[in-house]
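Residues 129 to 191 (this note's numbering) make up the sequence shown, in order. The C-beta atom is built at its ideal place from N, Cα and C for all residues, glycine as well. Computed from a prediction, not measured in an experiment: that's the story for all the values here. Below: the structure, in structure tokens.
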Amino acid sequence: THDYPEKTVNLKFFLCRLGKGEPQAIGCAAFEWVTMESLARHKFPPADKRLLARLVDSRQLWR
């Protein structure tokens, strides 16, 4: 969870594998597949800070 002054955001993340077809943005404006090295070049909201640190520290997730 992350607390903003006006609300609390509860983020849930899942480790997934891509099956058939092409991914589509559903319920969001856009998405992008990125490498771990390129994460620092993107802007993320404060609520994502802990997740991003964990992704960078968990290199085994990047296969």
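Check: In this structure, what does DSSP give as the bridge partners for residue 170?
Finding: Here residue 170 refers to the residue found at position 42 of the sequence shown. Looking at the DSSP assignment, residue 170 forms no beta bridge with any residue, so it has no partner.
Notebook entry, point to check: Expressed to the nearest angstrom, what Euclidean distance is found between the alpha-carbon atoms of residue 139 and residue 182?
Noted result: For the purposes of this step, residue 139 is taken as residue 11 along the sequence shown, with counting starting at 1. For the purposes of this step, residue 182 is taken as residue 54 along the sequence shown, with counting starting at 1. Roughly 14 Å separates the two Cα atoms.
Next item on the list: Kindly identify the DSSP beta-bridge partner or partners of residue 137.
Entry: On the sequence shown, residue 137 is found 9 positions in, with the first residue counted as 1. BP columns for residue 137 point to 130.
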